[in-house]
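**Q** Please find one structure pasted underneath; my questions will follow.
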Amino acid sequence: GARPLVAGSSTPVRYAVRDAQWGDVTGCVPVTFSSSATSVATVSSDGLISGLGGGSATLTARSGTASATIGVTVELPAVAYRVTASTLAPAAGGSVVLTAQAIDANGTPVSRPNRTVTWTKAHPAGSFASPTSPTSAPGEASVVFVPHTVAGTATTVTATDDGVPAALTGSSPTITTAPGAAAALVLATGASGASSGAPFATQPVVLVRDAFGNTVTGSTATVTLTVSTGGTVVGTSTVNAVAGVATCPHA
Numbered sequence: 002g003a004r005p006l007v008a009g010s011s012t013p014v015r016y017a018v019r020d021a022q023w024g025d026v027t028g029c030v031p032v033t034f035s036s037s038a039t040s041v042a043t044v045s046s047d048g049l050i051s052g053l054g055g056g057s058a059t060l061t062a063r064s065g066t067a068s069a070t071i072g073v074t075v076e077l078p079a080v081a082y083r084v085t086a087s088t089l090a091p092a093a094g095g096s097v098v099l100t101a102q103a104i105d106a107n108g109t110p111v112s113r114p115n116r117t118v119t120w121t122k123a124h125p126a127g128s129f130a131s132p133t134s135p136t137s138a139p140g141e142a143s144v145v146f147v148p149h150t151v152a153g154t155a156t157t158v159t160a161t162d163d164g165v166p167a168a169l170t171g172s173s174p175t176i177t178t179a180p181g182a183a184a185a186l187v188l189a190t191g192a193s194g195a196s197s198g199a200p201f202a203t204q205p206v207v208l209v210r211d212a213f214g215n216t217v218t219g220s221t222a223t224v225t226l227t228v229s230t231g232g233t234v235v236g237t238s239t240v241n242a243v244a245g246v247a248t249c250p251h252a
């Protein structure tokens, strides 16, 4: 099967020469090696595989009329992390799954196992489920991030590993908190300036807000406003909110 190798590194070929009965052939048996893609990997006369560039190659060992092949995949070394988010507009009180994938100079994902990634954020608010995460064999680490509950708060998240001699890093696109689900109605402006038989000079304004006090700017909820005085209802109006704001047109 394919054997992963990082460009610039080497690994020996392990082989045995056997006869037709599958028994080991002893003594000095000449074996030659070749590569189908020498720009990707080469094999020395003593069987040392050297990774040169990204890609795949088939290596062939020959002894007399017998031959065998093995596939090798060579990766370019990792130079950074690509950090992605499950959403760039999480609702207040929600969470985001952030994933850091090691990539080479061409932006191709590459393996970088057993590194510890430390997560940091540009905005002081918000929290991570864990301050660090390990990378898997494919070079990927992930964490759950809970952003600030104030809508409109923007931040980026950076992943930095403990690589030696140089740590690798990468940052996410901007993540901006969005309002959550509608949870309450708040009277922002009360009705005032009434005269008998005429509309109020100042019309009531009601805000549709989420559980954290953010105006739900995407809400078009139907809001019924009732104006009363001394226990007597003097006006009722039903309006649809616009961008989370309901204004009575004639209370």
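So for the sequence shown, our numbering puts the first residue at 2; every next one is plus one.
For each residue, glycine too, the CB sits at the ideal point set by N, CA and C.
Bear in mind that the values here come from a model prediction, so they are computed numbers and not experimental data.
1) So what's R19 in DSSP terms, helix, strand or just coil?
2) Taking DSSP as the reference, what is the three-state secondary structure of R116?
3) Please classify P148 as buried or exposed, where buried requires at least 16 neighbouring CB atoms within 10 angstroms.
4) To which residues of the same chain is S45 closer than 8 Å at the C-beta, ignoring the five residues directly before and after it?
5) Quick check on A252: buried or exposed, where buried means 16 or more other Cβ atoms within 10 Å of its Cβ?
6) Locate the beta strand (DSSP E) running through T61, then write down its first and last residues.
7) Excluding the 5 residues preceding and the 5 following I71 in the sequence, name in chain order all residues of the same chain whose CB lies nearer than 6 Å to its CB.
8) I need the DSSP call for P166, collapsed to helix, strand or coil.
9) Could you compute how far the alpha carbon of G157 sits from the alpha carbon of T85?
10) By Cβ distance, which residues of its chain are closer than 7 Å to T117, with the 5 residues on each side in sequence left out?
11) Please look up how many angstroms separate the CB atoms of V206 and V246, rounded, as I've assumed it's under 8 Å.
12) Short of 7 Å in beta carbon distance, which residues of its chain neighbour S96, apart from the five on each side in sequence? Order them along the chain.
13) Would you report the Cα separation of A152 and I104, rounded to the nearest angstrom?
14) Helix, strand or coil for S36? Go by DSSP, reduced to three states.
15) Beta-carbon within less than 8 Å of D317's beta-carbon, same chain only, minus the 5 sequence neighbours each way: which residues are those?
16) Work out the CA separation of A69 and G54 for me, nearest whole Å.
17) Secondary structure at G72, three-state DSSP: helix, strand or coil?
18) Please say whether S143 and L99 have beta carbons closer to each other than 8 Å?
19) Could you tell me which of Y82, T170, P31, T178 sits nearest to G65, measuring between CA atoms?
20) Measure the alpha-carbon distance for A189 versus N241 and round it to whole angstroms.
21) Does R15 pass the burial test, meaning 16 or more other C-beta atoms within 10 Å, or should it be called exposed?
22) According to DSSP, simplified to helix, strand and coil, what is G245?
23) State the start and end residues of the unbroken beta strand (DSSP E) segment that holds S11.
24) Got a sec? Which residues, its chain only, sit under 8 Å from V80 by beta carbon, not counting five neighbours each side?
25) Let's test the definition: count the other Cβ atoms within 10 Å of the Cβ of R215 and tell me whether it reaches 16, buried, or not, exposed.
**A** According to the data block:
1) Assigned with DSSP and collapsed to three states, R19 falls in strand.
2) In the three-state DSSP reduction, R116 falls in the coil class, being neither helix nor strand.
3) Classification of P148: buried, given that the 10 Å Cβ count is 16 or more.
4) If the five residues before and after S45 are omitted, its C-beta is found closer than 8 Å to the C-beta atoms of F34, S51, all from its own chain and listed in chain order.
5) Because the pLDDT of A252 is 49, which lies under 50, any placement of that residue in the model is unreliable, and the number read from its coordinates should be weighed accordingly. So A252 counts as buried.
6) Counted as a single uninterrupted DSSP element, the beta strand (DSSP E) harbouring T61 occupies residues 56–64.
7) Only L60 meet the Cβ criterion.
8) DSSP places P166 in coil when its eight states are reduced to three.
9) One detail in the question is off: residue 157 reads as Thr in this sequence, not Gly. Each residue's alpha carbon lies about 10 Å from the other.
10) Spatial neighbours of T117 in its own chain (CB-CB distance under 7 Å, excluding positions within 5 residues in sequence) are listed in chain order as T133, P135, D162, D163.
11) For V206 against V246, the beta-carbon gap comes to about 6 Å, under 8 Å, which counts as contact.
12) Same-chain partners within the cutoff: V145, F146, V147.
13) Roughly 32 Å between the two C-alpha positions.
14) In the three-state reduction of the DSSP assignment, S36 falls in the strand class.
15) Outside the displayed range of the chain (2 to 252) lies residue 317, so it cannot be described from this structure.
16) The alpha-carbon atoms of G54 and A69 are separated by roughly 23 Å.
17) In the three-state reduction of the DSSP assignment, G72 falls in the strand class.
18) Yes, these two residues count as a Cβ contact at 8 Å.
19) Looking at Y82, T170, P31, T178, the one whose alpha-carbon comes closest to that of G65 is P31.
20) Answer to the nearest angstrom: the Cα atoms are 16 Å apart.
21) When all chains shown are included, R15 counts as exposed.
22) DSSP places G245 in coil when its eight states are reduced to three.
23) Here the beta strand (DSSP E) through S11 covers 11–13.
24) Cβ neighbours of V80 beyond the five flanking positions: I104, D105, A106, L169.
25) With the sequence shown as reference, residue 215 is identified as Asn, and Arg is not the correct amino acid for it. N215 is buried by the Cβ-count criterion.
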